[in-house]
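K.L.:
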Amino acid sequence: MPSEEMLIIVGHSWQCRDCRRKLLDDPDRILSRHRVSEEEAALLRQLTEEDFSSISSLAQAIGASISDLYGIMNHPRCRLRHI
Ligand SMILES: [Zn+2]
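When the letters of the sequence shown are read in order and numbered with this note's numbering, they come out as residues -8 to 74.
1. Do Arg68 and Ile(-1) have their C-beta atoms closer together than 8 angstroms?
2. Whole angstroms are fine: how far does the CA of Ser23 sit from the CA of Arg72?
3. Just how far apart, CA to CA, sit Asp59 and Glu31?
4. So which residues put a beta carbon under 7 angstroms from any heavy atom of ligand 1, going in chain order?
5. Going by CA-CA distance only, name the one from His66, Ile46, Leu38 that's closest to Lys13.
Structure representation (structure tokens):
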């Protein structure tokens, strides 16, 4: 299962179009502010608009379950803070 930090980045990007754009356009800028493993960073750099077409494709792209993603979206840091 991905780290909580990873899930927060991806879960927030699912909910927030602005941050999704930033993540897809310049992942290193987002990664400079979040502590994730090298493997997770590599996965984040590979994400595309297509991966965000559905929650299931997004979960699959990062090796998470759909319930992991829905779970993290209730986390205050995920809902209330831009990444
Ligand atoms: Zn945001």
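Just so you know, even glycine gets a beta-carbon here, dropped at the ideal spot from N, CA and C.
P.N.:
With the given structure in hand:
1. When the beta-carbon positions are compared, Arg68 and Ile(-1) come within less than 8 angstroms of each other.
2. Looking at the two C-alpha atoms, the distance is approximately 16 angstroms.
3. Their backbone Cα atoms lie some 15 angstroms apart in a straight line.
4. With the cut-off at 7 angstroms, the residues found are His3, Cys7, Asp9, Cys10, His73, Ile74.
5. Of the residues His66, Ile46, Leu38, the one whose Cα lies closest to the Cα of Lys13 is Leu38.
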